[in-house]
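Chains as they are written, first to last, in the numbering used here: chain A, 1 to 298; chain B, 299 to 593.
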């Protein structure tokens, strides 16, 4: 009897210890996510804070001195003035916002038309040399922008496209990352389906449209989600190839705002962030899948 | 008959392959390959007169102080960041793989990937400037523990700026590393682990002997993608500190950009060929290593 009691208490102790260990692990894992949340909180509160308050809090940042920066989570005088000013009284901001939307939209559209059929070709047909081409594509995908910057510049110069939106759009359309992501989706379709369709007399184009696109759409969507996040954040390309500031995307406008207009900077940041958050929340499954598909596995 | 059939299939496949991929190949040819050959040609000539100078441009590049500094910093950045990122990702992914609320944790860590760099720079400036949030935190910590006084390090204007870059790289990329590790861990057949546990293997043995060896493929993927993304740190560096930052932060990307702005196309062409060739070799080598291990 006594022995049994001791055993249960021992058992209780080990479960308690285990629970404690699990709790500590969870805490250790969740603690760093504070670093993810804090910047967002800072942006949100900053964007609804009045100019005077922002000035008071942020003076140490741009003026120096001995006092530290400080912040408060609930502003004394919350205001949506910055948003209003940005949306209704800054036409320039609107132009840049639409520039961003247009650039991203056209790039993704182009990738759909050009990259997706190429991915289909790689995934379904065994042509001689296609393996070698694929390996070569991996290398192209991994080359950073700086390595292709000069060659892009030269070709854009020869085609008289510098300082036009095409200078940013066309090279991006022919980038190789969407090919890989869509490839992953097409690869997951069982090949017997295609054979069956061929026996029924379907053309290759028909197979692509009626079987490939509907069944391989997860890869396609992950290419779109990753592509959106990438090009919404695009900076190097427009900075190098667009001199005319009225063609710039939003991502290049933000850094131009000075500290004196900190409120505008916060509000503009929030407005830039919102579409990205929307796509992230809506497409997180595809995003994760895309990350796994980009793993270059065959 | 069978041979005839495979011949037909082969021909049909080849035709369809090239028809579907033709626009893409044409684009890559026009926008990537031909211009790259052009650049290679230019790397042997002067920019203004087009006179042939052999390896003269290469010699100039290699003796260039800025180039050496940039290569050194880029190497240092990559060698610090990639092992750190791989390790942090695994340390988080392994416990998460056994948690019920894995989805939430994943979303939280993935979120920085969605945040445009331009929006985050305001935050970094507030956090890392001389009177910024980090110093405030350290000062409070010092006052509380009584170990040190006020801290006024200028994190962006001294050698510490390098570590700010490392931090922001890790901050941005931990999420996708976790996703990749998780995919690898969840891909390990459960029977393997069960069998080992039945045989009396401890958790640590399971991890070291079964989980780790099965993750080699994931490791390759993660290293390659982290490497690719490490070049994008330029956005943060540029936005926080401009075209000519503190010298510990001066990366190859700054150098390329500055040469581009100053129209030093001959030096840039030579450097492009060198860096491109180097990356090509590294990627090929990694692919080889990976293929051999798979067999």
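For every residue, glycine included, the Cβ atom is placed at its ideal position computed from N, Cα and C.
Sequence-distant Cβ neighbours of residue 182 of chain A in its own chain, meaning closer than 6 Å and more than five residues away, are 116, 119, 219, 220 and 223.
Taking 9 Å as the threshold, the shortest C-beta distance from residue 404 of chain B to chain A falls below it. Shown in chain order are the members of the segment 142-161 of chain A whose Cβ falls below 9 Å from a Cβ of chain B: 142, 143, 144, 145, 146, 147, 148, 149, 150, 151, 152, 153, 154, 155, 156, 158 and 159. By the CB criterion at 9 Å, residue 111 of chain A and residue 550 of chain B fall outside the cutoff. Its chain contains 246 as the residues whose beta carbon lies nearer than 7 Å to that of residue 95 of chain A, once the 5 sequence neighbours on both sides are disregarded; these appear in chain order. Of the candidates A/201, A/172, A/39 and A/130, A/39 places its Cα closest to the Cα of residue 431 of chain B. When the Cα atoms are used, residue 510 of chain B and residue 488 of chain B turn out to be separated by approximately 14 Å. When the beta-carbon positions are compared, residue 558 of chain B and residue 159 of chain A stay at least 9 Å from each other.
Distance from the CA of residue 264 of chain A to the CA of residue 424 of chain B, rounded to the nearest whole angstrom, comes to 16 Å. Residue environment analysis places residue 560 of chain B among the exposed positions, since fewer than 16 neighbouring C-beta atoms fall within 10 angstroms of its C-beta. Per the C-alpha coordinates, the member of B/465, B/343 and B/392 positioned closest to residue 478 of chain B is B/392.
No Cβ of chain B is located within less than 9 Å of the beta carbon of residue 243 of chain A. With a cutoff of 9 Å on beta-carbon distance, residue 535 of chain B and residue 463 of chain B are scored as near each other. Taking each of B/318, B/415 and B/538 in turn and checking the Cα distance to residue 204 of chain A, the smallest one comes out for B/318. Of all residues in the segment 209-230 of chain A, those with a C-beta nearer than 8 Å to a C-beta of chain B are 229, reading in chain order. With 16 or more other Cβ atoms inside 10 Å of its own Cβ, residue 152 of chain A counts as buried.
About 5 Å separates the Cβ atoms of residue 168 of chain A and residue 237 of chain A, confirming a contact at the 8 Å cut-off. Remark: C-beta atoms of residue 254 of chain A and residue 414 of chain B approach each other more closely than 9 Å. In the structure shown, residue 80 of chain A adopts coil according to DSSP, grouped into three states. Residue nearest to residue 248 of chain A within the set A/93, A/25, A/84 and A/82 is A/93 (criterion: CA-CA distance). Judged by DSSP in its simplified three-state form, residue 174 of chain A adopts coil rather than helix or strand. Residue 192 of chain A: member of the alpha helix (DSSP H) spanning 191-199, first to last residue. Contact holds between the segment 379-389 of chain B and the segment 522-540 of chain B, because three or more Cβ pairs, one in each stretch, are under 8 Å apart.
Listed by position along chain A, the residues whose Cβ is nearer than 8 Å to that of residue 325 of chain B are 114, 170, 173 and 174. Residue 563 of chain B sits buried, since 16 or more C-beta atoms from the chains shown fall within 10 Å of its C-beta.
Of the candidates A/283, A/288, A/286 and A/270, the residue whose Cα lies closest to the Cα of residue 421 of chain B is A/270. Counting of Cβ neighbours within 10 angstroms places residue 208 of chain A among the buried residues, the total reaching 16 or more. DSSP, read as helix, strand or coil, puts residue 353 of chain B in coil.
Taking C-alpha positions only, residue 519 of chain B is separated from residue 293 of chain A by approximately 10 Å. According to the DSSP secondary-structure assignment, residue 343 of chain B is paired through a beta bridge with B/350. Here residue 252 of chain A has 235, 238 and 239 as same chain residues with Cβ atoms under 7 Å from its own Cβ, once five neighbours each way along the sequence are excluded.
One alpha carbon belongs to residue 352 of chain B, the other to residue 554 of chain B, and they sit about 21 Å apart. When only Cα atoms are considered, residue 67 of chain A and residue 533 of chain B end up about 30 Å apart. Per DSSP, residue 552 of chain B is one residue of the alpha helix (DSSP H) stretching across 550-559. Rounded to the nearest angstrom, the Cβ distance from residue 227 of chain A to residue 186 of chain A is 17 Å, too far for a contact under 8 Å. The beta-carbon separation of residue 232 of chain A and residue 100 of chain A, rounded to 7 Å, stays under the 8 Å limit for a contact.
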